[in-house]
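Report on one structure; see the data block that follows.
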Amino acid sequence: MVEVLSRHVVVDPQVCQDGLTFRWTRVCVADVLDQVASGLAWETIIDERGGAISKDAIADALRLAREALLVHVEQPLYE
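Take the sequence shown: its letter number 77 is residue 77 in my numbering, and every next letter is one higher.
What follows is the structure in structure tokens.
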């Protein structure tokens, strides 16, 4: 069963191991976030996926990651 988390991100364990995928694609959110973190240009990420995701989708995934971090981290990671 697919769970909708946001406009562009869903949980679908049949597509990605951790379940987070971009809606209507077989693109794993974690893979894209890794590429963003490594400094790859968003346009390159989109092109590598044949246009299956958009800048809005990447931004949506980053917002969700930010929210998850803020909710789950109560103490600083580094002191």
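Think of the CB as a built atom: it goes at the ideal place given N, C-alpha and C, for glycine as much as any other residue.
Taking only the alpha-carbon atoms, compute the straight-line gap between residue i and residue j and give it to the nearest angstrom.
i   : j   : result
Q14 : A30 : 15 angstroms
H8  : V32 : 13 angstroms
L69 : R63 : 10 angstroms
T23 : V73 : Thr is not the amino acid found at residue 23; the sequence shown has Arg there. Computed Cα separation, rounded: 27 angstroms.
Q17 : S54 : 22 angstroms
L20 : W42 : 19 angstroms
A57 : R66 : 14 angstroms
I45 : S6  : 20 angstroms
Using three-state DSSP, classify residue i as helix, strand or coil.
i   : result
V71 : helix
L33 : helix
T44 : helix
Do residue i and the ligand GDP come close, with the Cβ less than 7 angstroms from some heavy atom?
i   : result
L62 : Inclusion of the ligand GDP in the displayed structure is not the case, the ligand content being empty and no account of it being possible.
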